[in-house]
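2 protein chains.
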Amino acid sequence: MTGTRPFKRALDRLQTAGFRPTRQRLGLARLLFEGEHRHVTAEQLHTEAMGADLRVSLATVYNTLNQFTAAGLLREVVVEAGKSYFDTNTSDHHHFFLEGTGRLEDIPGDDVVVQHLPPAPPGTRIARVDVIVRLSADQGEDR
Amino acid sequence: MTGTRPFKRALDRLQTAGFRPTRQRLGLARLLFEGEHRHVTAEQLHTEAMGADLRVSLATVYNTLNQFTAAGLLREVVVEAGKSYFDTNTSDHHHFFLEGTGRLEDIPGDDVVVQHLPPAPPGTRIARVDVIVRLSADQGEDR
DNA sequence: CCCCTGACCTGAAATCGTTCTAAAGTGAGC
DNA sequence: GCTCACTTTAGAACGATTTCAGGTCAGGGG
Chain A
3 MTGTRPFKRA
13 LDRLQTAGFR
23 PTRQRLGLAR
33 LLFEGEHRHV
43 TAEQLHTEAM
53 GADLRVSLAT
63 VYNTLNQFTA
73 AGLLREVVVE
83 AGKSYFDTNT
93 SDHHHFFLEG
103 TGRLEDIPGD
113 DVVVQHLPPA
123 PPGTRIARVD
133 VIVRLSADQG
143 EDR
Chain B
3 MTGTRPFKRA
13 LDRLQTAGFR
23 PTRQRLGLAR
33 LLFEGEHRHV
43 TAEQLHTEAM
53 GADLRVSLAT
63 VYNTLNQFTA
73 AGLLREVVVE
83 AGKSYFDTNT
93 SDHHHFFLEG
103 TGRLEDIPGD
113 DVVVQHLPPA
123 PPGTRIARVD
133 VIVRLSADQG
143 EDR
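The structure is reproduced here in structure tokens:
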């Protein structure tokens, strides 16, 4: 039984992070943390919750995503003006962004390396380095 | 006289790109393309225009920035959810982003290199690679 | 030189994603 | 069961951006 007890997993994460495990938080945590890593917007997650018989308001989805992010359970990724994506993978990694569809995906492997980065300007320190590889549909290839 | 005729420079860019050189477009082009490369938001550029005796509405600033971007005169840089920056440097380069102040700066030099990038997924092609180095104020250093 | 026409600009209203607010609901300990 | 602090919620509010309907302007033809 490896990872076959998703309910418990989500609950553990909430409690470890010091959240009271309410019905809404638990439900969202299950959607987010069961299975593979994922990238969602608030709107998407809300729609998905509705479909999964989890009654939760959009405001709560926003609140929860922000709380999870502050607690380090999620990471916010900025790729499109006026829209926030949340990534369940909080480790160091980078992203492919499908311009047409708005899909966001982790770049597989940990081997992307940024070289020849100049030092941070005086008085500042590097908080994070984000690499976003923007992809377009490859038109005219197989037709 | 090298670059001492800014008016003509801005006008040339407009006409080359096929824009009718109206008072507003010319004024904005001068603010944008005279002098050093810069990073502006619509709001910033609008404020600056007001201060420079250029009467132009915020709607026009937005429209103009979008037109210039579509024509390849500007490049949009996404760093903060819910805010768009426009960069007058359209060549291949990357950015420092000062988290506290919202300042955006080109990373000097062309030598930042991203290595070990996996190939684009099937059916797609890499449109662009954006590297954003997020900086925080370096607290506790010199006090 | 003036007129005409399509391109352009404008303030106001509309839209989008997100946050705030005030009030009702809920869970954990007593 | 009762309480109280923490949660959730619907709806209003918000900031950034876009759209709209109408007036204005650039520039070629007469």
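Protein chains in written order, with the numbering used here: chain A, 3 to 145; chain B, 3 to 145. Glycine included, each C-beta is placed from N, C-alpha and C at the ideal position. Since this is a predicted model, take the numbers as computed values, not measurements.
Kindly indicate if chain A contains any beta-carbon less than 8 angstroms away from that of P121(B).
-> no
Could you tell me whether the region 117-135 of chain A touches the region 100-114 of chain B, using the rule of 3 or more Cβ pairs below 8 angstroms?
-> yes
With 16 other Cβ atoms within 10 Å as the buried cut-off, status of S59(B) | exposed
Taking 8 angstroms as the CB-CB limit, is E45(A) close to chain B?
-> no
Buried or exposed: where does T24(B) fall if 16 or more other Cβ atoms within 10 Å of its Cβ makes it buried?
-> exposed
What is the DSSP secondary structure of A129(B), counted as helix, strand or coil?
-> strand
Would DSSP call T4(A) helix, strand or coil?
-> For T4(A), the pLDDT reaches just 42, beneath the cut-off of 50, and the residue's location in the model is therefore unreliable, leaving the point undetermined.
Have a look at L137(A), P121(A), I134(A) and flag the residue whose alpha-carbon is nearest the alpha-carbon of D140(B).
-> P121(A)
Hey, could you find the ends of the alpha helix (DSSP H) Q141(B) is sitting in?
-> Unbroken run through Q141(B): none, as it is neither H nor E.
Note down, in chain order, each residue of its chain lying with its Cβ closer than 6 angstroms to the Cβ of V42(B), except the 5 sequence neighbours on either side.
-> F88
So is F9(B) buried or exposed if we call it buried at 16+ other beta carbons inside 10 Å?
-> exposed
C-beta neighbour in chain B for R145(A), strict 8 angstroms | Bear in mind that a pLDDT of 48 at R145(A), under 50, signals an unreliable position, so the number given afterwards is only what the model happens to contain. No - not a single Cβ of chain B is within 8 angstroms of the one on R145(A).
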